[in-house]
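In the numbering used here, the protein residues as written are -2 to 307.
Down below is the structure, laid out as structure tokens.
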Ligand code: ASN
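What follows is the structure in structure tokens.
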């Protein structure tokens, strides 16, 4: 985006209103977790010796500090697990940097800099955090409909509060019915957000827990928006036993050395069982506003493959 296009973007009434929705969404999500459910908000981590490997290729973004290499946060997954040594229920508004492949520029869903609300709860099951995520989405959408209906009307956006429980489809079923591109097809067909569950072991990162009763299947889930808006969230129960973590790392062709500080921590103090999820804020705002592209609702939009110096 050059400076002239950025000028147009900045002065668009759509952006101005979408930023109001963004600001309100953060407030309602924070209120729900803090006041409704006793979660503690923790500060985000920007640079660290460990970050999420992610399941898809991204270019490593690192900075050198005092001669040591740090990575920029791709998600706070490991920090969430570590924080549960002190607190039982946590969340952060976590800025993430993911240098996505250039071809993701036109998906309408990818930014290389974005924020997710990243939530984790000690000793929780997948089903408990799915229930929590449903309540969080329902609360936030209800509040936005109450407070910002004039904005949504001006966008001609008809949004309704989703009903609980959200529908579920297993990864195996989705693949069999719709083929490899199931997410796009299912999202286009759906009228309400729905869950994709029981994802296959090689399709997600090593930290999502393998079902002890069903080897090869994970105790995890993605939340998918309807109307073609695509993925909203990913999460699950976590691996917490070192043996299993070693096994999963090697299965993904990774090495414990890549996650040195996480492994050191786990060896020294152990990890606690937990489950959690993260919801991308800009994607949530895009869905609420019914925007074509996530860049349209973002103040400083940085798209894959693009140089945007502000
Ligand atoms: N926040 C996600 C989770 O809690 C991880 C991610 O964003 N890759 O599972």
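Every residue, glycine too, gets a C-beta built ideally from N, C-alpha and C.
* Please name the residue in 69, 306, 150, 178 whose C-alpha comes closest to that of residue 112. => Along the chain shown, read from residue 1 onward, the residue named residue 112 stands at position 115. The option with the nearest alpha carbon to residue 112 is 69.
* Given a cut-off of 8 Å, decide if residue 156 and residue 138 are closer than it, judged by their beta-carbon atoms. => The sequence position of residue 138 within the chain shown is 141, counting from 1. The sequence position of residue 156 within the chain shown is 159, counting from 1. Yes, they are a contact pair.
* Asked: Contact between the segment 289 to 296 and the segment -1 to 15: three or more CB pairs below 8 Å?
  -> yes
* Asked: Within the present structure, is the beta-carbon of residue 128 separated from the nearest heavy atom of the ligand ASN by less than 7 Å?
  -> Reading the chain shown from its first residue, position 131 is the one you call residue 128. Because no heavy atom of the ligand ASN lies under 7 Å away, the Cβ of residue 128 does not count as near it: no.
* To do: Measure from the alpha carbon of residue 186 to the alpha carbon of each residue in 289, 196, 197, 171, then state which is nearest.
  => Translated into the one-based positions of the chain shown, residue 186 becomes position 189. Residue 171 is the option with its Cα nearest to residue 186.
* Terminal residues of the alpha helix (DSSP H) in which residue 143 lies -> Taking the first residue of the chain shown as 1, we reach residue 143 at position 146. Residues 123 to 144.
* **Test item: CB-CB of residue 71 and residue 303 under 8 Å** => Position 74 of the chain shown holds residue 71. Position 306 of the chain shown holds residue 303. Cβ atoms of residue 71 and residue 303: not closer than 8 Å.
* Asked: Using DSSP with H/G/I as helix, E/B as strand and the rest coil, what is residue 288?
  -> Residue numbering aside, residue 288 sits at position 291 when the chain shown is read from its first letter. Residue 288 falls in the coil class under three-state DSSP.
* To do: Compare the Cα-Cα distances from residue 81 to each of 276, 278, 306, 268 and report the closest residue.
  => Numbered from 1 along the chain shown, position 84 holds the residue referred to as residue 81. Ranking 276, 278, 306, 268 by Cα distance to residue 81 puts 268 first.
* To do: To the nearest angstrom, report how far apart residue 163 and residue 100 are at their CA atoms.
  => By one-based count along the chain shown, residue 163 stands at place 166. By one-based count along the chain shown, residue 100 stands at place 103. Each residue's Cα considered, the two are about 32 Å apart.
* Which runs of the beta strand (DSSP E) spanning at least 3 residues fall entirely within the segment 93 to 123, listed in chain order? -> 110 to 119
* Using DSSP with H/G/I as helix, E/B as strand and the rest coil, what is residue 26? -> One-based indexing of the chain shown puts residue 26 at position 29. It is helical.
* Neighbourhood of residue 192 by C-beta distance below 8 Å, restricted to the same chain and skipping five residues each side -> Along the chain shown, read from residue 1 onward, the residue named residue 192 stands at position 195. Contacts found: 127, 163, 164, 165, 166, 218, 219, 220, 221.
* Asked: When the Cα atoms are used, what is the spatial distance from residue 201 to residue 228?
  -> Here residue 201 is taken as the residue at index 204 of the chain shown, counted from 1. Here residue 228 is taken as the residue at index 231 of the chain shown, counted from 1. Going from the Cα of residue 201 to the Cα of residue 228 covers about 14 Å.
* **Segments of 4+ residues assigned as alpha helix (DSSP H) that fall wholly inside the segment 198 to 250** => 239 to 248
* Asked: Using the rule of at least 16 other Cβ atoms within 10 Å of the residue's Cβ for burial, across every protein chain shown, is residue 195 buried or exposed?
  -> For the purposes of this step, residue 195 is taken as residue 198 along the chain shown, with counting starting at 1. By the neighbour-count rule (16 or more Cβ atoms within 10 Å), residue 195 is buried.
* Asked: To the nearest angstrom, how far is it from the Cα of residue 184 to the Cα of residue 190?
  -> In the chain shown, residue 184 corresponds to position 187, counting from 1. In the chain shown, residue 190 corresponds to position 193, counting from 1. If you take the alpha carbons of residue 184 and residue 190, they lie about 8 Å apart.
* Sorry if obvious, but does the Cβ on residue 274 come closer than 7 Å to a heavy atom of the ligand ASN? -> Taking the first residue of the chain shown as 1, we reach residue 274 at position 277. Residue 274: yes, Cβ under 7 Å from the ligand ASN.
* Run the CB neighbour count on residue 266, radius 10 Å, all protein chains shown included, and call it buried at 16 or more, exposed below. => For the purposes of this step, residue 266 is taken as the residue at position 269 of the chain shown. So residue 266 ends up on the exposed side.
* Nearest to residue 86 by CA position, among 129, 263, 256, is which residue? -> Taking the first residue of the chain shown as 1, we reach residue 86 at position 89. Here the closest residue by C-alpha is 129.
* Secondary structure of residue 56, DSSP reduced to three states -> Here the question's residue 56 lines up with position 59 in the chain shown. Three-state DSSP puts residue 56 in a strand.
* N- and C-terminal bounds of the beta strand (DSSP E) containing residue 166 -> The residue labelled residue 166 in the question sits at position 169 within the chain shown. Start and end: 164 to 167.
* Can you tell me the Cα-Cα spacing of residue 56 and residue 46, whole angstroms? -> As a working note, residue 56 is residue 59 in the chain shown. As a working note, residue 46 is residue 49 in the chain shown. Each residue's alpha carbon lies about 16 Å from the other.
* Asked: Using the rule of at least 16 other Cβ atoms within 10 Å of the residue's Cβ for burial, across every protein chain shown, is residue 19 buried or exposed?
  -> Locating residue 19 in the chain shown gives position 22, counting from the first residue. Burial call: buried.
* At which residues does the beta strand (DSSP E) containing residue 69 begin and terminate? -> Residue 69 sits at position 72 when you count from the first residue of the chain shown. Residue 69 -> beta strand (DSSP E) spans 65 to 69.
* Cβ neighbour criterion (16 or more within 10 Å) applied to residue 1 -> Locating residue 1 in the chain shown gives position 4, counting from the first residue. Exposed: under 16 other Cβ atoms inside 10 Å.
* To do: Report buried or exposed for residue 62, applying the criterion of at least 16 other Cβ atoms within 10 angstroms of its Cβ.
  => Translated into positions along the chain shown, residue 62 becomes position 65. It counts as exposed.
* When the Cα of residue 104 is compared with those of 307, 305, 301, 306, which residue comes out closest? -> The sequence position of residue 104 within the chain shown is 107, counting from 1. Comparing Cα-Cα distances from residue 104 to each of 307, 305, 301, 306, the minimum goes to 301.
* To do: Output the distance between the C-alpha atoms of residue 134 and residue 279, rounded to the nearest integer angstrom.
  => Along the chain shown, one-based indexing puts residue 134 at 137. Along the chain shown, one-based indexing puts residue 279 at 282. Distance between the alpha carbons of residue 134 and residue 279: 14 Å.
* Expressed to the nearest angstrom, what Euclidean distance is found between the alpha-carbon atoms of residue 364 and residue 145? -> Limits of the chain in this structure are -2 at one end and 307 at the other, which puts residue 364 out of reach.
* **Near the ligand ASN: residue 33 beta-carbon under 7 Å from a heavy atom** => Position 36 of the chain shown holds residue 33. Flag unset: Cβ of residue 33 not near the ligand ASN.
* Can the beta-carbon of residue 241 be found less than 8 Å from the beta-carbon of residue 207? -> In the chain shown, residue 241 corresponds to position 244, counting from 1. In the chain shown, residue 207 corresponds to position 210, counting from 1. The beta carbons of residue 241 and residue 207 sit closer together than 8 Å.
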